[in-house]
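Enquirer: Below is the structure I would like to discuss, written out as structure tokens.
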Amino acid sequence: MSELDQLDRDLINRLQDDLSLDHHPFKVLAKEFGITEEEVLTRIRQLRADGVLTRFGPFFDAHAMGGDFCLCAMAIPEEDFETVLTKVNARPEVAHNYERTHRLNMWFVLACETPEAIGQVAEAIEQDTGYKVLQFPKLQEFYIGFRVAA
Amino acid sequence: MTLDATDRRIVEALQGGLPLVPAPYAKVASELAIPEGELTKRLQAMKDSGVIRRIAAAPNHYKLGMTANGMTVWDVQDDRLAELGAQIGALPFVTHCYERPRALPDWPYNLFAMVHGSSKDEVEEKRQQIVTLLGDALRGCDTLYSTRILKKTGLRLRKKGD
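First to last, the protein sequences are chains A and B.
Using our numbering, the first residue of the first sequence is number 1, and each one after it goes up by one.
Using our numbering, the first residue of the second sequence is number 1001, and each one after it goes up by one.
Written as structure tokens, this is what we have:
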């Protein structure tokens, strides 16, 4: 992976804000940074290729589409971890999944198109893997300051 | 907002990301065989209704040097939670903050706050600020560090008929 320069960092910060719906949205960014549209695109492609950006595009909110999100956790013994992981990740409803330092060592988010589907998918994972799925739906949100300073 | 068939095709076309080309909306519109103006009008409606939160980049914390990602979890006295949760959510280093149900006996915590830092020491130092803020409403806490990203794709709509 190539070293990030200051322009990359500024670009990463800016790219966490909303992109315009302009016909040439990257030209709008290029103007802000005083570089060419092609350079903006080349840098974003490189950041994607290096994995510095995991994704670039619309962030959909399942809740606003009438669906729902739910954080779930499982306690998986080390020897079964990879097997269970393959089964869990194979489900399209699993939007992201992290291994964490705790007895509950697998934490994933289910994004479903209907609220009822959350429980159904969680139950299907339990049957498929033989391990309990704890559900932690959000009850109250205290501000999401999603940005990461690069 | 209820998505019609065209909206769903748009969501399906974009859930993997926006094409990194000079005129990305034109490209997607042409793939969907609709005018670019209709696509952007529909995207604007999705933004207005909150279906699209933003069109933006998702950075990998690890690659940005934020190698310590602590999910701090707290057992907070119920009648103080709303007041204290709002204060914790407002701290500059907290990126997500939610009230979630306890799952007793496995899980006594009712407040989750994500804290990112370049080292565990930095996360720990920030965590101490939360301890101080919670004061005598704090009944227990833990920090779960992420050791591996196992999947990160964002929302995927199922194809109709799946």
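Just so it is clear, CB atoms sit at the ideal spot from N, CA and C, and this is done for glycine as well.
1) On the three-pair Cβ rule with 8 Å, is the region 1043-1050 of chain B touching the region 1087-1107 of chain B?
2) Residue 1019 of chain B to residue 1035 of chain B, Cα distance in whole Å?
3) Using a Cβ cut-off of 7 Å, pull out every chain A residue sitting near residue 1085 of chain B, in sequence order please.
4) How many angstroms separate the CA atom of residue 1162 of chain B from the CA atom of residue 92 of chain A?
5) Spatial neighbours of residue 152 of chain A within its chain, please: C-beta separation below 6 Å, excluding the five flanking residues on both sides.
6) Tell me the rounded alpha-carbon separation between residue 103 of chain A and residue 94 of chain A.
7) Is the separation between the beta-carbon of residue 1110 of chain B and that of residue 1075 of chain B shorter than 8 Å?
8) Would residue 1141 of chain B count as contacting chain A if we go by Cβ distances under 8 Å?
9) By how many angstroms is the C-alpha of residue 129 of chain A removed from the C-alpha of residue 1114 of chain B?
10) If you draw a straight line from the C-alpha of residue 124 of chain A to the C-alpha of residue 1144 of chain B, how long is it?
11) Chain B partners of residue 16 of chain A, CB-CB under 9 Å?
12) Out of A:140, A:139, A:71 and A:79, which has the shortest C-alpha to C-alpha gap to residue 157 of chain A?
13) Does the Cβ of residue 1041 of chain B have 16 or more other Cβ atoms within 10 Å, making it buried, or fewer, making it exposed?
14) Put residue 1133 of chain B into one of helix, strand or coil per three-state DSSP.
15) In angstroms with no decimal places, state the Cα-to-Cα distance between residue 1160 of chain B and residue 1006 of chain B.
16) Consider the Cβ of residue 94 of chain A: report whether some Cβ of chain B lies at a distance smaller than 8 Å.
Expert: To lay it out plainly:
1) no
2) Reading the second sequence from its first residue, position 19 is the one you call residue 1019 of chain B. Reading the second sequence from its first residue, position 35 is the one you call residue 1035 of chain B. Near 17 Å, if we compare the C-alpha coordinates of residue 1035 of chain B and residue 1019 of chain B.
3) The count along the second sequence starts at 1 and reaches residue 1085 of chain B at position 85. Within chain A, the residues near residue 1085 of chain B are 140 and 142.
4) The residue given as residue 1162 of chain B occupies position 162 in the second sequence. The residue given as residue 92 of chain A occupies position 92 in the first sequence. Summary for residue 1162 of chain B: the model assigns pLDDT 38, below 50, so the residue's position carries little reliability; its value from the coordinates is reported in the next sentence. So the alpha carbons of these two residues sit roughly 11 Å apart.
5) Nothing in the structure corresponds to residue 152 of chain A, since chain A is present only between 1 and 150.
6) Stepping through the first sequence from its first residue, residue 103 of chain A is reached at position 103. Stepping through the first sequence from its first residue, residue 94 of chain A is reached at position 94. Whole-angstrom Cα-Cα distance: 20 Å.
7) Mapped onto the second sequence, residue 1110 of chain B falls at position 110. Mapped onto the second sequence, residue 1075 of chain B falls at position 75. Yes, the pair counts as a contact, with Cβ atoms nearer than the cut-off.
8) Within the second sequence, numbered from 1, the residue matching residue 1141 of chain B stands at position 141. Chain A, which has no Cβ nearer than 8 Å to the Cβ of residue 1141 of chain B, makes this no.
9) On the second sequence, position 114 is the one that residue 1114 of chain B refers to. On the first sequence, position 129 is the one that residue 129 of chain A refers to. Going from the Cα of residue 1114 of chain B to the Cα of residue 129 of chain A covers about 28 Å.
10) Here residue 124 of chain A is taken as the residue at index 124 of the first sequence, counted from 1. Here residue 1144 of chain B is taken as the residue at index 144 of the second sequence, counted from 1. Answer to the nearest angstrom: the Cα atoms are 26 Å apart.
11) Here the question's residue 16 of chain A lines up with position 16 in the first sequence. Ordered by position in chain B, the residues that pass the 9 Å Cβ test against residue 16 of chain A are 1054, 1056, 1057, 1058 and 1059.
12) No statement about residue 157 of chain A is possible, as the shown extent of chain A runs from 1 to 150 and does not include it.
13) Here residue 1041 of chain B is taken as the residue at index 41 of the second sequence, counted from 1. Exposed: under 16 other Cβ atoms inside 10 Å.
14) As a working mapping, residue 1133 of chain B is identified with position 133 in the second sequence. It is helical.
15) Counted from its first residue, the second sequence places residue 1160 of chain B at position 160. Counted from its first residue, the second sequence places residue 1006 of chain B at position 6. A caution first: residue 1160 of chain B carries a pLDDT of 43, below 50, which makes its placement in the model too unreliable to give a value.
16) Here residue 94 of chain A refers to the residue found at position 94 of the first sequence. Chain B contact via Cβ: present.
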